[in-house]
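A quick write-up on the structure given underneath.
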Amino acid sequence: MPAESEKAITVQELRRVYSSSKGIIRKTRNVVEAVKGISFDVDYGELFGLVGPNGAGKTTTIKMLTTLLTPTSGTAKVLGFDIVADYVDIRRRIGIIFGGERGLYYRVSGRENLRYFADLYGVPLPKREGTINELLGLVGLADRADERVEGYSRGMKQRLHIAKGLINDPRLIFMDEPTIGLDPEAARETRAMIKGLVEEGKTILLTTHYMFEADELCQRIGVISGGKIVALDSPSALKRFVKDVTVIEVEAFGVAEADLTALRQQPDVTTVNANLEGERQTIRVQTARGSEFIPTVTKLLSKAKIMEVRIKEPTLEDAYLKLVA
Amino acid sequence: MTSNFQEWPPLRIFLSSAQFAFKALFSWLRPEMWLMQVLTLPLFQMAFFVYLARFVAPAAANVAFIAVGNAMQVASFSSIFAVCNLTSEEKWQGTLVPLIASPANRFPLFLGRATFQILNGMATIAVGFLYATFIFGVDMSHANFLSLALVVLITSLAMTGFGLMLGSVGLFMRTAMIVANIFLFIGELLCGVNFPVTVLPIWLQPVSYAIPMTYGTMAARAAVQGSGILQLGPVLLQEIGSGFVSILIGYLLFRGFEILAIRRGKLEEY
Amino acid sequence: MLNFFSDPQWIIPNIIAPFVFTAVALIFFRNASGSLALYAVLGGGMMGMWGNTLYGAGFALAFDRWNGTLEYVLATPSRLVWIVAGRSASAAVLGLVNALAVLVVAVVGFKAQIGIVDPVTFLLALVLTLASLSALGVLFCSSFLLTRSASVLTNGLEMPIYVASGSMFPIALLPFWSHPLSLSLGPTWGIDALRHAADVTYVGMSFGFWTDILVLLASTAIYLAIGFWLFIIVEKKVRRNASLVEY
């Protein structure tokens, strides 16, 4: 057993290539490099966030670190153990919370699911029931624990996933999009729980694409885009990345993609991020020019009906958008 | 190792998996339904072939041959079909991923889930023999019940091992159940259930001898005619051997699947 | 029907069992005279048709239930029973294909010799047997919907029907008290009719070909009527409690 490692996680030049072939007679190979050589560290007791757009490589990275996927090249150590050679040691000591609809046994109760995984993880028998009850209380499932999982709502299943991920009292926990699909209240409770776990001294690596969540929870954030880490720092440091940027937020009705193209082509515009769905459309324009740029914006959007124009402080999301653009 | 025997990890995982599979099964299969299945399946399968035999060649010996053979064959439903169902379910439930992510020793995990089906198989065969005796008139007056019981036990174990192997094959396919269904019925043709294996074409016979049930039917008939355990020794050893090989292959396939999936990144596919 | 094809696991048992059973039967019959081979082959074909119908109908809605599309199916303006009847019929046609396959394998593989004396009456018997099977499937489907254990029941029903309908042997061999049950099944008459059409010397149930046909027609009507009635009950039950939609 190696001596206590300095860092909880160390990643060096981790790469992962997926190759698939289509067709039976004429095979066409499709090679995707999901993770292109990333390196980072996570300290003990840290809440580290891995953020990035869909397909950036977050899930692939977390799968490699949890020993569910072998890397194509590069090395990583989790709790001092090598992810390829010492995978059993790693599996024993970490908690995995991937969430989602699947991954639970539908036909038995929540409690029985937890009991089974407790056995698989070797939770000492005298402690088993106590641990299960404690966890059920923590995630708020104590009163529905003995019902079949097939009857649980989405939020309840997510909470059971969390309980399951903590069953072996892990020192390091990996969470993949822990609040996705939850209603705002459930999400808020989950975030509070996560903060509580860190206060207990646990180390957490989570992935998310909600920037405000990363901003609220994480001590450090790694921004991953296109398989590479494009930034690695604390949220406040990342926000300084956009300190010279003004964000003009426009609420309008009837804006089309074409109008945005013109806007994007303006020299002083860094990014234009728009939500054109629904009745109320929100367009966020990042510019170095400040409030004097507002007339230009309103002129380019004149074909639409503008309801409100605001100057906003750049947020982590804006930093993120600038980084992944 | 801890002082508490129950805490020994492989045993604990084995027992836990066995218990869990049992619970998961009976959560949707109401006991009445299960009972109905245990009682009716042997009856009608046996009836079909017995009546067919009576139609073609009504000699009592023929009927006895078929009745005993079918009484054994009914174990296939639990040992093959139900066991493959386990794998199939794990796949679409998405629980293969958490299982693989856990540090649990794979071998007891692999075996434990099938435990109930071993018992189920034995119960079904027992019912089958009751039918054979009381409904289809098989003469059990010379039977050696001790050796028959041993034959039933070994056959159920070996066939469950065979089922586990098929289940592992099923991991690599989109649906494990295709394989299960083929082997469920093919026994009627290949395992000396309705006629001796020697009737089959030469090139087909090796397949028969790879399936534990073939030895089971031979041994069962000998036991019914009074053979003792010593006399059955060779056949039973062959059966145990084939069952053991099946379990081994099944386990290796299971581990192979796991390693391949982790390397290729296809764990969630089904 | 497309749905059915896309999930091969449901087809397999029905394809495999008839082949295997026919093979076994033909091996039994290998020393017997030619006309007896007819029993094996026609029986195998019938089993193929029956198995597919049962699965097609029984699982027609169970499949929706698992997929989560049951609610949408129930919400459509079409009456449930016709939807099921349609699926059941297409399943029976599938069964026909299966039956033909068995025939081909039997003739080619085992060199069985069967000659059909009168193709027209044979065809008539075949179509009506298919219809009767579909109707029976509809009836089963509705009763399956009322219980949670559709799959267990269909596994259980296959074999009893193979036995009771005398698919490969005369029902006269069966215990006398089971005869009324056998006779209440449309397929029993169907297979008798098919044998009549294929072999002039066939005596069988000694009711004659046209009696068989009449009973087939009658049974189809009765099954549909009962099925229809049961579906009305099902539709009412659906509105009253949502249990149908849950698996």
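Chains as they are written, first to last, in my numbering: chain A, 31 to 355; chain B, 991 to 1260; chain C, 185 to 431. For every residue, glycine included, the Cβ atom is placed at its ideal position computed from N, Cα and C.
{"Check": "Taking C-alpha atoms, which residue in I1056/B, A1011/B, T1114/B and A1091/B lies nearest to L1025/B?", "Outcome": "T1114/B"}
{"Check": "Please confirm if Q1083/B has its CB atom under 9 angstroms from at least one CB of chain A.", "Outcome": "yes"}
{"Check": "Quick check: is the beta carbon of V118/A nearer than 9 angstroms to any beta carbon in chain B?", "Outcome": "yes"}
{"Check": "Considering only the beta carbon of each residue, do K1013/B and V138/A sit closer than 9 angstroms?", "Outcome": "yes"}
{"Check": "Under DSSP, the beta strand (DSSP E) around T312/A begins and ends at which residues?", "Outcome": "Q311 to T317"}
{"Check": "Please decide whether F1234/B counts as near chain C, where near means a Cβ-Cβ distance under 9 angstroms.", "Outcome": "no"}
{"Check": "What is the residue span of the alpha helix (DSSP H) that T1077/B lies within?", "Outcome": "V1073 to Q1083"}
{"Check": "Taking any Cβ of chain B, which residues in the region 102-129 of chain A have a Cβ under 7 angstroms from it, in chain order?", "Outcome": "V118, R121, R122 and I126"}
{"Check": "Identify the contact partners of T96/A in chain B, using a Cβ-Cβ distance below 7 angstroms as the criterion.", "Outcome": "A1091"}
{"Check": "Taking buried to mean at least 16 other C-beta atoms within 10 Å of its own C-beta, is A193/A buried or exposed?", "Outcome": "buried"}
{"Check": "Tell me which residue opens and which closes the alpha helix (DSSP H) that N60/A is part of.", "Outcome": "From DSSP, N60/A is part of no alpha helix (DSSP H) but of the beta strand (DSSP E) over T58 to V72."}
{"Check": "Quick check: is the beta carbon of F1175/B nearer than 9 angstroms to any beta carbon in chain C?", "Outcome": "yes"}
{"Check": "Output the distance between the C-alpha atoms of R174/A and Y135/A, rounded to the nearest integer angstrom.", "Outcome": "15 angstroms"}
{"Check": "Between S264/A and the rest of its own chain, which residues show a CB-CB distance below 6 angstroms, the 5 nearest in sequence each way excluded?", "Outcome": "R250"}
{"Check": "Taking 9 angstroms as the threshold (C-beta atoms), are A1122/B and M1036/B in contact?", "Outcome": "yes"}
{"Check": "By DSSP, does G79/A sit in helix, in strand, or in coil?", "Outcome": "strand"}
{"Check": "Determine the closest residue to W413/C out of L307/C, C325/C and M230/C, with distance taken between C-alpha atoms.", "Outcome": "C325/C"}
{"Check": "What does E142/A reach in chain B if we use C-beta pairs closer than 8 angstroms?", "Outcome": "F1010 and K1013"}
{"Check": "Going by Cα to Cα distance, which pick from T1105/B, M1130/B and P1098/B is closest to A1072/B?", "Outcome": "T1105/B"}
{"Check": "With burial defined as no fewer than 16 other Cβ atoms inside 10 Å of the residue's Cβ, what is the status of S321/A: buried or exposed?", "Outcome": "exposed"}
{"Check": "What does P999/B touch in chain A if you count any residue whose Cβ is under 7 angstroms from its own?", "Outcome": "G152"}
{"Check": "Look at the alpha carbon of G235/C and the alpha carbon of L1089/B, and state the distance between them as a whole number of angstroms.", "Outcome": "36 angstroms"}
{"Check": "Is DSSP giving L235/A helix, strand or coil here?", "Outcome": "strand"}
{"Check": "At 3 residues or longer, and completely inside the region 138-219 of chain A: list those beta strand (DSSP E) runs for me, N to C.", "Outcome": "202-206"}
{"Check": "Sort out for me which residues DSSP pairs A261/A with in a bridge.", "Outcome": "V253/A"}
{"Check": "Closer than 9 angstroms, CB to CB, is R1211/B near chain C or not?", "Outcome": "no"}
{"Check": "What is the C-beta distance between A106/A and S255/A, in whole angstroms, given that I count them as a contact (C-beta under 8 angstroms)?", "Outcome": "Between S255/A and A106/A the Cβ distance is about 20 angstroms, and since that is not below 8 angstroms, they are no contact."}
{"Check": "Using 9 angstroms as the limit for Cβ to Cβ distance, is G181/A near chain B?", "Outcome": "no"}
{"Check": "Under 9 angstroms between C-beta atoms, does R1245/B make it to chain A?", "Outcome": "no"}
{"Check": "Residues bridged to Y48/A by DSSP?", "Outcome": "V62/A"}
{"Check": "Would you please verify whether the beta carbon of V1159/B is less than 9 angstroms from any beta carbon of chain A?", "Outcome": "no"}
{"Check": "Starting from V302/A, follow its DSSP beta bridges and name the residues at the other end.", "Outcome": "V315/A"}
{"Check": "Would you verify that the beta carbon of A1047/B is, or is not, closer than 9 angstroms to some beta carbon of chain C?", "Outcome": "yes"}
{"Check": "Can you check which of these residues, T328/A, L330/A and G129/A, is closest to G211/A by C-alpha distance?", "Outcome": "G129/A"}
{"Check": "Spell out the partners DSSP gives E279/A in its beta bridges.", "Outcome": "R314/A and R340/A"}
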